[in-house]
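Asks: The structure's right below; bear with me while I get my questions together.
There are 2 protein chains.
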Amino acid sequence: MRIDELGEFALIARLTAGLPTREDVALGVGDDAALLDLSGFAADSLLVATCDAQVEGLHFTLGVASPEEIGHKALAVNLSDLAAMGAEPLWVLISLLLPRALDVATLDGVYAGLRSLAARYSVALVGGNVSATDGPLAIDVTALGRVPRDQALTRAGGKAGDLVMVTGTLGAAAAGVLLQGGDARLDALPDETRVRARATQVSPQPRVAEGRALAASGVVTAMLDVSDGLMADLGHLCAASDVSAELDAGAIPVDPVAQAVAGALGLDTLQLALEGGEDYELLFTVRPDGLERALAEVGGGARMIGRLTEPGSGLRMRFEDGRIEELVARGWDHLRPQR
Amino acid sequence: MRIDELGEFALIARLTAGLPTREDVALGVGDDAALLDLSGFAADSLLVATCDAQVEGLHFTLGVASPEEIGHKALAVNLSDLAAMGAEPLWVLISLLLPRALDVATLDGVYAGLRSLAARYSVALVGGNVSATDGPLAIDVTALGRVPRDQALTRAGGKAGDLVMVTGTLGAAAAGVLLQGGDARLDALPDETRVRARATQVSPQPRVAEGRALAASGVVTAMLDVSDGLMADLGHLCAASDVSAELDAGAIPVDPVAQAVAGALGLDTLQLALEGGEDYELLFTVRPDGLERALAEVGGGARMIGRLTEPGSGLRMRFEDGRIEELVARGWDHLRPQR
Numbered sequence: 518m519r520i521d522e523l524g525e526f527a528l529i530a531r532l533t534a535g536l537p538t539r540e541d542v543a544l545g546v547g548d549d550a551a552l553l554d555l556s557g558f559a560a561d562s563l564l565v566a567t568c569d570a571q572v573e574g575l576h577f578t579l580g581v582a583s584p585e586e587i588g589h590k591a592l593a594v595n596l597s598d599l600a601a602m603g604a605e606p607l608w609v610l611i612s613l614l615l616p617r618a619l620d621v622a623t624l625d626g627v628y629a630g631l632r633s634l635a636a637r638y639s640v641a642l643v644g645g646n647v648s649a650t651d652g653p654l655a656i657d658v659t660a661l662g663r664v665p666r667d668q669a670l671t672r673a674g675g676k677a678g679d680l681v682m683v684t685g686t687l688g689a690a691a692a693g694v695l696l697q698g699g700d701a702r703l704d705a706l707p708d709e710t711r712v713r714a715r716a717t718q719v720s721p722q723p724r725v726a727e728g729r730a731l732a733a734s735g736v737v738t739a740m741l742d743v744s745d746g747l748m749a750d751l752g753h754l755c756a757a758s759d760v761s762a763e764l765d766a767g768a769i770p771v772d773p774v775a776q777a778v779a780g781a782l783g784l785d786t787l788q789l790a791l792e793g794g795e796d797y798e799l800l801f802t803v804r805p806d807g808l809e810r811a812l813a814e815v816g817g818g819a820r821m822i823g824r825l826t827e828p829g830s831g832l833r834m835r836f837e838d839g840r841i842e843e844l845v846a847r848g849w850d851h852l853r854p855q856r
Numbered sequence: 518m519r520i521d522e523l524g525e526f527a528l529i530a531r532l533t534a535g536l537p538t539r540e541d542v543a544l545g546v547g548d549d550a551a552l553l554d555l556s557g558f559a560a561d562s563l564l565v566a567t568c569d570a571q572v573e574g575l576h577f578t579l580g581v582a583s584p585e586e587i588g589h590k591a592l593a594v595n596l597s598d599l600a601a602m603g604a605e606p607l608w609v610l611i612s613l614l615l616p617r618a619l620d621v622a623t624l625d626g627v628y629a630g631l632r633s634l635a636a637r638y639s640v641a642l643v644g645g646n647v648s649a650t651d652g653p654l655a656i657d658v659t660a661l662g663r664v665p666r667d668q669a670l671t672r673a674g675g676k677a678g679d680l681v682m683v684t685g686t687l688g689a690a691a692a693g694v695l696l697q698g699g700d701a702r703l704d705a706l707p708d709e710t711r712v713r714a715r716a717t718q719v720s721p722q723p724r725v726a727e728g729r730a731l732a733a734s735g736v737v738t739a740m741l742d743v744s745d746g747l748m749a750d751l752g753h754l755c756a757a758s759d760v761s762a763e764l765d766a767g768a769i770p771v772d773p774v775a776q777a778v779a780g781a782l783g784l785d786t787l788q789l790a791l792e793g794g795e796d797y798e799l800l801f802t803v804r805p806d807g808l809e810r811a812l813a814e815v816g817g818g819a820r821m822i823g824r825l826t827e828p829g830s831g832l833r834m835r836f837e838d839g840r841i842e843e844l845v846a847r848g849w850d851h852l853r854p855q856r
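Protein chains in written order, with this note's numbering: chain A, 518 to 856; chain B, 518 to 856.
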């Protein structure tokens with residue numbers, strides 16, 4: 518059934534039936550606005566708010582990603598932004614722009630993906646909006662969370678001498694995009710490489726627990742999530758902190774699937790990992806004496822990849838042979854034509 | 518200049534330069550998320566959250582409404598939702614879906630309209646997102662506010678015997694839509710009728726102060742804003758409150774421009790006022806003894822239009838000749854083809 522056959526009010530009732538809630542939701546969906554109880558906030562807590570939209574044809578492709586994966590990612594990228602501030606996610610609002618011919622089953626799947634990820638982190642869907650559009654399906658999510666005031670981490674705060682660290686591995690999402698291209702040279706890659714690349718691209722896992730733990734550790738000085746690509750996002754951190762950075766090429770945690778895909782296509786593996794984007798790992802800086810503590814907070818799931826340096830020397834990469842290269846903080850521009 | 522020539526980061530810098538802020542914004546635009554200080558909240562306050570999108574071709578037409586009016590309305594409809602809960606507006610996040618060929622000057626105008634209305638109510642723009650789209654321009658706003666817990670008003674809470682009241686007048690926005698149609702029978706209408714109808718349609722004024730005052734009065738039992746049309750919205754209130762309602766036809770505050778336009782086109786004036794939608798007035802119910810107090814709170818700018826009755830008899834209209842008609846709570850369905 519098409520959504521315009523179902524109608525707005527029946528659709529909203531269908532999407533919002535039996536939504537998981539939280540004790541601090543005084544009033545959820547169904548009124549002019551949601552009412553949210555702050556009495557569980559510690560006296561020194563800050564409210565954390567972010568929004569991000571996923572648009573068909575630009576951020577996802579129906580038929581490539583499943584509806585569940587699309588819903589998952591629309592929420593995941595927002596939870597990742599909250600995690601990057603060190604915040605605990607609490608509540609989300611979902612605004613949908615819907616082509617009238619969209620199948621209700623597709624939207625059911627999107628909501629199943631949203632609900633599943635929300636439930637994993639005890640996040641409540643408390644509000645939203647549906648509107649028709651003559652354009653592509655768009656899922657715009659606003660996420661709200663909380664963080665103790667003295668633990669909130671921003672992009673500013675990094676100092677020369679701080680260690681640069683990143684969780685997880687880089688480049689698998691970009692490898693997933695390349696695999697979609699269907700180049701024949703990729704046919705020989707094993708299925709597990711394809712599956713992992715695809716999963717990272719269409720179903721990223723936000724670093725919610727890691728973000729909270731790092732913020733609470735007291736040794737992290739600045740943090741953001743890697744959405745535009747490590748180089749671009751490190752550039753943002755350096756600009757906000759007024760520092761430069763020097764990375765150690767041998768330390769960059771290139772994902773094995775990025776290595777496999779770049780190898781098959783004759784691309785520069787390191788470049789794929791540094792500029793690929795959409796990794797949704799956390800990039801953070803740590804006091805010079807904080808390495809062990811930071812590693813302990815994430816169960817070893819992070820690596821030191823360089824150091825912040827005095828302002829004025831930009832981003833530089835030190836290779837194992839001692840060579841140093843100036844890097845350009847290129848990354849994803851959401852308005853320019855796709856690469 | 519087209520926005521894709523300017524690029525994402527330059528555009529964001531342009532839109533967010535010198536944004537008005539508030540003391541309780543610990544960190545505004547420019548990081549992964551905004552940090553908002555709750556220390557000004559009274560201990561018993563609730564956070565109020567809502568979102569609503571305006572889409573080109575559906576909610577507004579470039580060339581009919583000015584960019585400033587489009588920005589104004591995108592925020593106004595959200596402030597209206599907060600007002601309907603009795604909340605004070607504080608912070609907003611703006612998510613933009615932008616056709617790549619959109620002119621930067623148009624977007625400057627949209628932001629000027631947003632900023633101007635935000636400044637009037639001391640609302641801070643604290644976050645947002647820009648994304649390209651192959652579809653129409655869309656402006657998705659999430660608004661956050663606060664309300665004392667014991668003053669929050671919902672659609673539920675109305676009881677049989679309560680008075681039904683509405684602020685302002687009804688039907689002018691719908692008259693504005695009809696005037697756009699360009700029917701020759703409307704050519705004779707005076708300019709002031711056209712100007713007022715157009716202004717109400719493209720630049721509605723949210724009832725922010727009235728919403729707060731009514732919530733604080735203690736005599737209001739339920740409230741919502743008139744966005745789908747008085748009948749549809751009264752239907753929502755009755756459903757949520759489990760009551761019926763009887764309206765007094767002679768008391769409906771039909772806007773003079775609705776009368777003029779309906780008269781010229783041979784339409785039913787009352788129907789235009791009751792079903793037109795987008796009035797953004799407040800529809801509320803008041804304890805039987807609360808009429809004077811409610812009127813005083815809004816400086817006389819409201820009218821009693823009927824009463825809530827026991828559940829089971831739906832919506833009824835009493836005419837001056839004693840006749841009673843059953844009404845159908847028809848209103849705007851955002852997914853069905855436009856009327």
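We put the beta carbon where it would ideally sit given N, CA and C, even for glycine.
Values in this document were obtained by computation on a predicted structure and should not be read as measured data.
Check whether the Cβ atoms of Ile-587 (chain A) and Val-658 (chain A) lie closer than 8 Å to each other.
Replies: no
Asks: Hey, how far is the Cα of Gly-839 (chain A) from the Cα of Arg-820 (chain A)?
Replies: 20 Å
Asks: Going along chain A in order, which residues have a C-beta closer than 9 Å to the C-beta of Val-640 (chain B)?
Replies: By Cβ distance, chain A contributes nothing, its closest Cβ being about 13 Å from Val-640 (chain B), past 9 Å.
Asks: Pro-606 (chain B) to Ser-562 (chain A), Cα distance in whole Å?
Replies: 20 Å
Asks: Can you list, in chain order, the stretches of the beta strand (DSSP E) that have 3 or more residues and sit fully within the stretch 530–616 of chain A?
Replies: The stretch 530–616 of chain A contains these whole beta strand (DSSP E) runs: 542–544, 551–554, 562–572 and 605–616.
Asks: Kindly indicate which three-state DSSP category Val-683 (chain A) falls into: helix, strand or coil?
Replies: strand
Asks: Compare the beta carbon distance of Gly-831 (chain A) and Ser-761 (chain A) with 8 Å and say whether it is the shorter of the two.
Replies: yes
Asks: In angstroms with no decimal places, state the Cα-to-Cα distance between Leu-754 (chain A) and Asp-742 (chain A).
Replies: 10 Å
Asks: Note down, in chain order, every chain B residue with its Cβ under 8 Å from the Cβ of Val-565 (chain A).
Replies: Ala-550, Ala-551, Leu-552 and Leu-553
Asks: In the DSSP output, which residue or residues are listed as bridge partners for Gly-767 (chain B)?
Replies: In the DSSP output, where bridge partners are listed per residue, Gly-767 (chain B) has none listed.
Asks: Within its chain, find whatever has a CB closer than 6 Å to the CB of Phe-836 (chain B); leave out the 5 residues flanking it on each side and keep chain order.
Replies: Ala-766
Asks: CA-CA distance, Asp-796 (chain B) and Val-565 (chain B)?
Replies: For Asp-796 (chain B) and Val-565 (chain B), the distance between alpha carbons rounds to 22 Å.
Asks: Give the secondary structure of Phe-801 (chain B) by DSSP, where H, G and I count as helix, E and B as strand, and everything else as coil.
Replies: strand
Asks: Buried or exposed for Pro-770 (chain B), please, with buried defined as at least 16 other CB atoms from any protein chain shown within 10 angstroms of its CB.
Replies: Label assigned to Pro-770 (chain B): buried.
Asks: Does the Cβ of Pro-805 (chain B) lie closer than 7 Å to at least one heavy atom of the ligand NAD?
Replies: The model on display carries no ligand, and the ligand NAD is accordingly not part of it.
Asks: Do Glu-763 (chain A) and Arg-496 (chain A) come within 8 Å of each other at the CB atom, strictly closer than that value?
Replies: A query on residue 496 (chain A) cannot be resolved here, the shown segment of chain A reaching from 518 to 856 and no further.
Asks: What residue does the alpha helix (DSSP H) around Pro-773 (chain B) start on, and which one ends it?
Replies: 773–782
Asks: Chain B partners of Cys-568 (chain A), CB-CB under 7 Å?
Replies: Leu-610, Ser-612, Gly-644, Gly-645, Asn-646 and Thr-659
Asks: May I ask you to list the residues that DSSP assigns as paired with Val-725 (chain A)?
Replies: None; Val-725 (chain A) has no bridge partner.
Asks: Residues of chain A with CB closer than 7 Å to the CB of Ala-543 (chain B), please, in chain order.
Replies: Leu-563
Asks: Please report whether the beta-carbon of Glu-682 (chain A) lies at a distance below 8 Å from any beta-carbon of chain B.
Replies: The sequence given here has Met at residue 682 (chain A), not Glu. Under the 8 Å criterion on CB atoms, Met-682 (chain A) is classed as non-interfacial with respect to chain B.
Asks: For chain A, find out if any of its Cβ atoms is closer than 8 Å to the Cβ of Leu-844 (chain B); answer yes or no.
Replies: no
Asks: In the stretch 614–700 of chain B, which residue ranges form an unbroken beta strand (DSSP E) of at least 3 residues, counting only runs that do not cross its ends?
Replies: 641–650, 655–665 and 680–684
Asks: Could you spell out where the alpha helix (DSSP H) holding Val-760 (chain B) opens and where it closes?
Replies: Looking at the DSSP string, Val-760 (chain B) is not in any alpha helix (DSSP H), and its letter there is neither H nor E.
Asks: Cα separation between Met-602 (chain B) and Asp-651 (chain A)?
Replies: 32 Å
Asks: Quick check: Leu-523 (chain B) and Val-621 (chain B), are their CB atoms within less than 8 Å of each other?
Replies: Yes. Within cutoff.
Asks: Could you give the residue range of the alpha helix (DSSP H) that holds Glu-865 (chain B)?
Replies: There is no way to answer for residue 865 (chain B), as the model of chain B reaches only from 518 to 856.
Asks: Can you check which of these residues, A:Ala-635, A:Tyr-628 and A:Ala-629, is closest to Val-609 (chain A) by C-alpha distance?
Replies: Cα-wise, what sits closest to Val-609 (chain A) is A:Ala-635.
Asks: Apart from the five residues just before and just after Val-719 (chain B), which ones in its own chain have a Cβ nearer than 6 Å to its Cβ?
Replies: Ala-582 and Glu-586
Asks: Residues in the same chain with beta-carbon distance under 7 Å from Ala-618 (chain B), minus the five sequence neighbours each way, listed in chain order, please.
Replies: Arg-519
Asks: In three-state terms, what does DSSP make of Asp-742 (chain A)?
Replies: If DSSP states are grouped into helix, strand and coil, Asp-742 (chain A) belongs with the strands.
Asks: Comparing the C-beta of Thr-671 (chain B) with each C-beta of chain A, is any distance below 8 Å?
Replies: yes
Asks: Among residues of its own chain, excluding the 5 on either side of Pro-665 (chain B), which ones have a beta-carbon nearer than 7 Å to its beta-carbon?
Replies: Ala-559, Asp-561 and Ser-562
Asks: With a 10 Å radius around its C-beta and 16 neighbouring C-beta atoms as the bar for buried, classify Val-845 (chain B) as buried or exposed.
Replies: exposed
Asks: Beta carbon of Leu-799 (chain B), beta carbon of Met-748 (chain B): below 8 Å?
Replies: no
Asks: With which residues is Glu-842 (chain A) paired in a DSSP beta bridge?
Replies: A:Met-834
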